[in-house]
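Have a look at the structure below, then the notes.
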Amino acid sequence: MSLQEENDRLRLELARCRWILIQLPTDVLIAFQRLWDMTKDEVKNETTT
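Per this note's numbering: the sequence shown = residues 99 to 147.
Structural data, given as structure tokens:
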């Protein structure tokens, strides 16, 4: 696979991911954000103790 083909494939994959994200309802994104924040806090707590 040439570099150009790989580049095109990755660009297509990125576009697909972006499209999926656009389709997700806002509350799902907010829930993911909260989960992400909680996970970061847990990691922070583990490193401080």
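Yeah, the Cβ is synthetic: ideal placement off N, Cα and C, and Gly gets one too.
Work out the CA separation of residue j and residue i for me, nearest whole Å.
| i | j | result |
| --- | --- | --- |
| E111 | Q121 | 16 angstroms |
| F130 | E103 | 33 angstroms |
| R116 | I128 | 16 angstroms |
| D125 | E144 | 29 angstroms |
| L133 | L108 | 27 angstroms |
| P123 | K142 | 29 angstroms |
| T146 | T137 | 14 angstroms |
| M99 | A113 | 20 angstroms |
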